[in-house]
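Here is the structure we will look at.
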């Protein structure tokens, strides 16, 4: 009877795998990715998932199998009196080491692309300053230089043209914040006292054909105080024309004298 | 415990105390699982000693009898007489407060079920005037959502923890903020498009909600659906009107007069305030357009503005300082904090907070950075905040002319970009970012 | 010297030394130098704080399941003006204090303070710790820490900068509610915990090295002791860095220093000070301790689980020396992986590559240990006691927790899952499913030795069953949430379109969490009931091998009747040289049988 405990442990691999499959098929999975590098990250996530999934299922099943088979009440044979196996130790040291080393080295290029290889000539530059509890966004304006009178200011509303390399100069005015774009697989802490470059390219406006603009969440992902949850911004990906129109609109509003 | 072995008696004692603890815990859990009372508006007792409003314990008739008796005496005891008279006033004030609550409840309802008199509700042909009850109902009450995703309880979801359930600016978070959140109850709002003594328009309130107030804890709610913002604007107006009405009725209580309780009396009192809100749209300041200026013209305007800034006529430097850093003032307080004195500070919820005149070199403009916004700040001042109205009006013909104000606007706009306004290396600069 | 009720062990110990019953409570308990009394003091304190930490977690789960609805008990007490809904800064306090309490007042003290203290002298055959007075002081120093933490709830509403206390949020008074005196008190509380831990660590290392019984070589020590020993080493090397960092932040907050505050900050319209500091430096110092800390929080449990599994599988531990080397490897590697908490922090991105390598490699020793546990039950005759069930569930849950760590070690993947619920799921699988379940197992296993009574087995199994189910229900779907990008520490995540649809899943998790909390009531009842009314037991109710089972249950002052002598390793179950299912370490060898040869399989 007590071997039935192993059935409780059996629920772990079964339910675990089922939950993952069900979630992926019912919309409880990674948000749509519209960035140029996002598919690499998603691929690596899935790679880790499959690898760990296989190891998970095998080891849990081995555990369950042993729990079932070697229950004292059902198993009358004397125990296998052994202190271990040198060969086994070697095998299950070398194989995991090699695997882990491989996983690490396999991913280095992806990391370098997203965080280390700063593009020298982006199409769009925009400054995003995080403060408690909003995103203050500034475009350089017609002269292309920040900190001049023609800069265009907006709050929580970041517009970028589709298909162009965007460079965000990320800063913070007060405490740590984090610039998180779930749909572009971008995440970077904003540190006061530093200007951190964050670059991305939105490959398409959205998965809806013919859409000329679409809005995505910009989330703060580093605890910044009581209003951390309130720092909701939006990223609007749009066609070049719409983007120009947005900037022109901003300029008009900013210079309103009536 | 004779006859029991030591460990048995320990066990029994332990068992008893264990049972006691278990019972206490069950009781606590049961208590905690009962529902809290629904939220109530708080009385505006800012600066007032609640002890002054406690009834004396004797009825009015009994007091009147005793006073009459003493007055009949040949040598009336003045001390006793004044004591009894004080008791009478205390009774009157306590009654006044009760009547006040009844009146406010009748006029405005509760935080879960708001209400305005029929006469104050919007009519279909004048949507800009009056209150839309449907919008109020959306903004009020506990947070929930309908089947179609419409959010209810917007005020409590977004605003209550700073602005408080009564709109008194004393929510749980308020104590930690500089500046404090707005107390709506005076009906005074700082950043409006209207003239000095006028209320804000609905558009003004909408702008504040949508763009937030830069440099403060008031965030931008631009990403909320338009309908949600409209509902919140309605509710803010409602809380403001309710607060003003409460102050008006309170003056009756203070004076010892009976609080009006009939529909007609209350309505006429209310109309005084509601009409100011309704007429706000007529008081919008629309400046004359500034002349089109080329580069040298703009520089000349800036120079003229600079001279005017330093001139005593414009009164700028006494608060903003000669360099515009906001370091020119003696201690000043806004109208919400002015009322706090050493004697009555204990009866206010929040400590006294000093006003900070704006540092004009930072490029952060709380009321908006557009030229028209800056114009309006100078023309009409900032209500409640010691920024005086400097512009010309029919009542004040000696004020600044539109040209002068535009010159000042150009000067102020240029300040953040002067070389002296740079701090440190651009790569490491933090707050002087013109953002 | 067999025993009866709890509390009375000190009586009879007192009798043994001729003190008589005349010692007051204070002399007997507060000033006790006996490692067993101190261990039990730690045990009771940590179990009480477990309740506090658990309630804080339930409050967090409530807000996530029913955002801005009236919160039970708390809503009525503190927020009645707003109709019972909590305020956002209250929520930040909830998760800050949940983590702080669980890490510093529950997991670390229960492993090292409670079990370390109780078991080390007993398992190595010593009569007490090397420094009994220092031991007493190490418990005493927890009380100022308790006082500071409790006080911090009442000054400014509680610390609200996360248990990680990143500056400038945690360093600048105007940045957050609770970033006033509450945060300073929190820092002082941790300083005291650090002092207590350092005292314990010195004591444990010295005791284990110097006071082993004759015949107890280092490679005959049970895994529990190896776990405690290596943990003590970790504490000794890592704690000073944390303490230094804590003092630096205290100086920032109290004395106008700016170690972590850059220049020119204006927070909440108040100047943050002269500046010149670096926020990232705190992160480096903090994580240099806190990463080894997570190993401090699991290695003792791994050791205890090894002992329990071997005992109830009735066969030797598979790969004893590899297990030791793995623990040492985890500890050593643990010092060069701290940067994996900082991949997105703004530190030099090249470090992302180096830390990814070292972090991937640290999965190796954990994998080796898991395989060895499986090898231990292979070919055994498993007795399914409550202790064994919890120990086996440690293995099962640790597999999940360890494997999910691979995702985070993969730096590009971490870009997406950093600061999401994927991390929270991982944390709880290793710390709750791993360590806490291991601790439950250890309590069921060593309760008879501590108190001379057995805990009720059927209740223990019910406790296990419910905890197992509800634990997985609460925490497995956190990995799914993380895959959705669902961020941590948000009081209301649902006003983002991306996360709106996850409310249902969160409600399911909260219901499971409430169930899990309720299941612990069974454990608490079992614990206290058995303390007074449980059936008494002899010295070795589980037929184990290790030295503590030679002493009486509970042991008196001095632990053993006579100095034990050790003849073999701790895992000689099923040995052909023994007549019974076990072969304790203290039983002299039989004539003519060469155990060494028999053991070489």
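Protein chains in written order, with the working numbering: chain A, 1 to 258; chain B, 1001 to 1435; chain C, 2001 to 2601.
All C-beta atoms, glycine included, are put in the ideal place defined by N, C-alpha and C.
Buried versus exposed call for residue i [16 or more other C-beta atoms within 10 Å across all chains shown]
i               : result
residue 39(A)   : exposed
residue 1433(B) : Note that residue 1433(B) scores a pLDDT of 42, beneath 50, so its modelled location is shaky; the value from the coordinates is reported in the next line. By the 10 Å Cβ count, residue 1433(B) comes out buried.
residue 2046(C) : buried
residue 2218(C) : exposed
residue 1086(B) : exposed
residue 1075(B) : exposed
residue 1465(B) : An answer regarding residue 1465(B) cannot be provided, because it is not within the stretch 1001 to 1435 covered by chain B.
residue 1111(B) : buried
residue 1351(B) : exposed
residue 174(A)  : buried
residue 1193(B) : buried
residue 1954(C) : One cannot answer for residue 1954(C) here, as it falls past the ends of chain C, which runs 2001 to 2601.
residue 2212(C) : buried
residue 1263(B) : exposed
residue 2197(C) : buried
residue 2095(C) : buried
Contact check, residue i vs residue j, beta carbons under 8 Å
i               : j               : result
residue 134(A)  : residue 231(A)  : yes
residue 2315(C) : residue 2084(C) : no
residue 1995(C) : residue 2516(C) : Summary: the structure shown does not reach residue 1995(C), with chain C confined to residues 2001 through 2601, and so no result is reported for it.
residue 178(A)  : residue 125(A)  : no
residue 1229(B) : residue 1206(B) : yes
residue 2571(C) : residue 2320(C) : yes
residue 2441(C) : residue 2305(C) : yes
residue 2388(C) : residue 2300(C) : no
residue 2327(C) : residue 2302(C) : yes
residue 1044(B) : residue 1244(B) : no
residue 1259(B) : residue 1120(B) : no
residue 233(A)  : residue 152(A)  : no
residue 2098(C) : residue 2056(C) : yes
residue 190(A)  : residue 181(A)  : no
Beta-ladder partner(s) of residue i, from DSSP
i               : result
residue 1307(B) : Per DSSP, none; premise fails for residue 1307(B).
residue 1114(B) : 1109(B)
residue 237(A)  : 160(A), 214(A)
residue 181(A)  : 186(A)
residue 152(A)  : 139(A)
residue 197(A)  : 169(A)
residue 220(A)  : 179(A)
Top-ranked residue by Cα proximity to residue i, from the options
i               : options                            : result
residue 1395(B) : 1245(B), 1197(B), 1233(B), 1365(B) : 1197(B)
residue 2346(C) : 2222(C), 2278(C), 2525(C)          : 2278(C)
residue 2338(C) : 2150(C), 2302(C), 2256(C), 2289(C) : 2289(C)
residue 2123(C) : 2066(C), 2181(C), 2068(C), 2225(C) : 2225(C)
residue 1403(B) : 1100(B), 1154(B), 1308(B)          : 1308(B)
residue 1222(B) : 25(A), 154(A), 209(A), 176(A)      : 154(A)
residue 2298(C) : 2534(C), 2391(C), 2231(C), 2064(C) : 2231(C)
residue 2352(C) : 2414(C), 2377(C), 2504(C), 2479(C) : 2414(C)
8 Å Cβ cut-off: residues of chain A touching residue i
i               : result
residue 1220(B) : 134, 155, 156
residue 1211(B) : 155
Contact set between residue i and chain E, taken where Cβ atoms lie within less than 9 Å
i               : result
residue 2270(C) : Looking for chain E here will not work: the only protein chains present are A, B and C.
Amino acids of chain A, ordered along the chain, whose beta-carbon sits closer than 9 Å to that of residue i
i               : result
residue 1370(B) : 253, 254, 255, 256, 257
residue 1289(B) : 257, 258
Under 8 Å by beta carbon: chain B residues contacting residue i
i               : result
residue 149(A)  : 1413, 1414, 1417
residue 2088(C) : 1161, 1173
Neighbouring residues, chain C, relative to residue i (Cβ below 9 Å)
i              : result
residue 167(A) : Here the premise fails: no neighbours, minimum Cβ distance about 15 Å.
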